Amino acid sequence: MNILLFYVDNSLMGVPIDDIKEVGKKQRIRKIPRAPFYIRGYTKHRGNVYLVVGLPEMLKLNEEGHHLIFPSSIPDVCFVVGNIVGINNLNFYPKPDVLPMKYVKGFGEFNHEIAVIIDLEGLIKGKRISKIRSMVKA
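Residue numbers for the sequence shown follow our numbering, so the first one is 26 and each next one is one higher.
Below you can see the structure in the form of structure tokens.
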């Protein structure tokens, strides 16, 4: 499976490349008053406005983040991640059913390191993103 690998707070993570529309450098992010802690604000990219979700904040990790990931299945939302490693074909191991985290799709191995494969849609499910999106569009 082709996975976009990146680091968040020294943890290797990835997202299936089929789930990503685009990857870009972090741009100016404008704050949204009273937004939840995991919402960094909003940014303009290629003429569109995107809600910026901090992946490190969602996962309770520390990372400033240098890149934006634009998922293909979640319009108007992008995620801040750390340093991009690249796109690699990994052996994919599905998450065991006993693992309660809905945002983990599974695991892969890269250079003797285990990568956690993230489900971006599962990560923000139930986080009232549509309400926050309306704040940006207003």
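In this text, a Cβ means the ideal position worked out from N, Cα and C, and glycines have one as well. Keep in mind that this is a model prediction, so the values were computed, not measured.
Item, Value
"Gly49 to Leu37 span [Cα, whole Å]", "19 Å"
"Straight-line gap, Arg117 to Leu148 (C-alpha atoms, nearest Å)", "Note that residue 117 corresponds to Phe in the displayed sequence, not to Arg. Spanning the two alpha carbons is a distance of roughly 19 Å."
"As assigned by DSSP and simplified to three states, the class of Ile109", "strand"
"Gly72 to Gly66 span [Cα, whole Å]", "16 Å"
"Residue environment, Asp43, which counts as buried when at least 16 other CB atoms sit within 10 Å", "exposed"
"Stretch-stretch touch, CB-based, cutoff 8 Å, three pairs: the segment 79-91 with the segment 100-109", "yes"
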